[in-house]
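Working notes, beginning with the structure itself.
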Amino acid sequence: MITATGLSLDRACRRVLDDIWVEVTAGRVTVAVGPNGAGKSTLLKVLSGELRPGEGTVLLGDRPLAGFGPRALARRRAVLPQHGAPTFPLTVHEIVALGARAAGERPAEAVERALAAVGLAGWGGRSYARLSGGERQRVQLARALAQVPRPVGDDGPRALFLDEPTSNLDLARQIEVLEAARRFARGGGAVFVVLHDLNLAAEFADAVVVIAAGRIVDRGAPTPALFERVVADVYDLPGAASRMPAFGTAYVLPQARAGARPAIGR
């Protein structure tokens with residue numbers, strides 16, 4: 001659905017993306033992992049059309065992303081940013097309705113569907129400013145879902161871009177949010193997620209893109225072999241990756257560096 005070739009971008013006299021080639025495919029969840037400052041959020045902004053690359057091209061279907069006007073682009077993709085909250089008082093309903101209006105949906109219906117999808121049914125009248133950080137994160141995801149209420153529209157598959165959507169969330173809500181993203185992908189949409197938690201990436205990704213120093217250094221299916229390389233080569237940590245016996249899902253067990261923690265009982 002979204003194909004990027006040869007992306008490079010300089011910001012503040014520093015190359016933050018360097019010759020990136022990546023595809024975000026309809027029907028799949030693509031997860032970007034990597035250390036802080038690797039360029040993951042910048043890549044998400046370029047793929048979603050919020051930033052233009054210095055070099056390279058991004059296609060949405062068979063058309064250059066830069067050729068879409070703001071309204072047309074808003075109907076094809078929604079973005080949950082890493083940070084960003086309104087500085088003026090709004091209700092939860094008003095926040096989520098921003099997404100619905102961008103999609104040309106009737107706010108009353110679209111807002112309730114989106115809030116229910118993130119476990120916040122009936123919260124529309126609450127003050128956004130009085131919510132916790134995790135609750136605000138879920139409201140912002142509902143806004144994004146209201147903007148692309150159906151994974152596939154008359155103009156083709158739609159995309160959902162989520163930048164660290166599990167930040168500030170407890171374990172149950174992390175799963176709930178990523179299950180909503182996976183449902184969107186299973187319905188035929190494309191999902192691109194930035195995550196720091198490798199175990200969540202292993203659980204929910206169909207494809208993993210590993211980014212370090214602005215470059216893609218590894219990619220593939222979420223297998224133990226991939227995550228062992230990530231822990232060792234990207235994070236420079238000892239660790240082990242295996243499969244959960246019940247489900248066959250990869251899991252990662254990072255370990256402290258030698259000598260950092262004394263053995264128990266000594």
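So that you can map any letter, position 251 of the sequence shown is 251 in full-length UniProt numbering, and since no number is skipped, the others follow by simple counting.
C-beta: ideal position from N, C-alpha, C; glycine also.
Exercise for the section: Can you tell me which of the three DSSP states SER48 falls into? Expected result: Of the three classes helix, strand and coil, the one that applies to SER48 here is helix, per DSSP.
Exercise for the section: Rounded to whole angstroms, what's the CA-CA distance from GLY133 to ASN168? Just pull it up for me. Expected result: Answer to the nearest angstrom: the Cα atoms are 6 Å apart.
Practice task
Check whether the Cβ atoms of GLY189 and LEU162 sit closer than 9 Å, and answer yes or no.
Solution key: Against a cut-off of 9 Å, the Cβ pair of LEU162 and GLY189 comes out as no contact.
Practice task
State the start and end residues of the unbroken alpha helix (DSSP H) segment that holds VAL191.
Solution key: Per DSSP, VAL191 belongs to no alpha helix (DSSP H); it is in the beta strand (DSSP E), 190 to 194.
Handout entry: Cβ-Cβ distance between VAL194 and VAL33 below 9 Å
Key = A distance below 9 Å separates the beta carbons of VAL194 and VAL33.
Handout entry: Own chain residues within Cβ distance below 8 Å of VAL16, not counting five before or after
Key = Correct list, in chain order: LEU9, ASP10, GLY39, THR42, GLY214.
Exercise for the section: Please report the residue range of the beta strand (DSSP E) in which residue 270 lies. Expected result: Lying outside 1 to 266, the shown extent of the chain, residue 270 is not represented and no answer is given.
Exercise for the section: Give me the Cα-Cα distance between GLY69 and GLU50, rounded to the nearest whole angstrom. Expected result: For GLY69 and GLU50, the distance between alpha carbons rounds to 12 Å.
Problem - Same chain, Cβ closer than 6 Å to PHE176, neighbours up to 5 away in sequence not counted - result: As written in the sequence, residue 176 is Glu, which differs from the Phe given in the question. So the list reads GLY119, once near-sequence residues are dropped.
Problem - Residue from VAL96, ASN36, GLY99 with nearest C-alpha to TYR235 - result: Checking every option, the nearest Cα to that of TYR235 belongs to ASN36.
Problem - Euclidean distance between Cα positions of PRO89 and ASP18 - result: Each residue's alpha carbon lies about 40 Å from the other.
Problem - CB-CB length for THR3 against LEU59, believed under 8 Å - result: LEU59 and THR3 do touch by the CB rule: their CB atoms are close to 5 Å apart, below 8 Å.
Problem - Beta carbon of PHE227 nearer than 9 Å to that of LEU200 - result: For PHE227 and LEU200, no; Cβs fall outside 9 Å.
Practice task
Please determine, among ALA185, GLY99, GLY125, PHE184, the residue with the shortest C-alpha to C-alpha distance to ARG71.
Solution key: Nearest Cα to ARG71 within the set ALA185, GLY99, GLY125, PHE184: GLY99.
Problem - ASP233 to ALA256 span [Cα, whole Å] - result: Going by the C-alpha atoms only, they are around 15 Å apart.
Handout entry: Top-ranked residue by Cα proximity to GLY27, from ARG229, THR223, ALA181
Key = Comparing Cα positions, the closest option is ALA181.
Handout entry: Residues bridged to ALA12 [DSSP beta-bridge criterion]
Key = Beta-bridge pairing by DSSP links ALA12 to no other residue.
Practice task
Classify PRO151 as buried or exposed, calling it buried when 16 or more other Cβ atoms lie within 10 Å of its own Cβ.
Solution key: PRO151 should be labelled buried.
Exercise for the section: Please say whether GLY124 and HIS83 have beta carbons closer to each other than 9 Å? Expected result: No; because the gap between Cβ atoms is not below 9 Å, this pair is not in contact.
Exercise for the section: Could you tell me the boundaries of the alpha helix (DSSP H) in which residue 316 lies? Expected result: No answer is possible for residue 316: it lies beyond the span of the chain, which begins at 1 and ends at 266.
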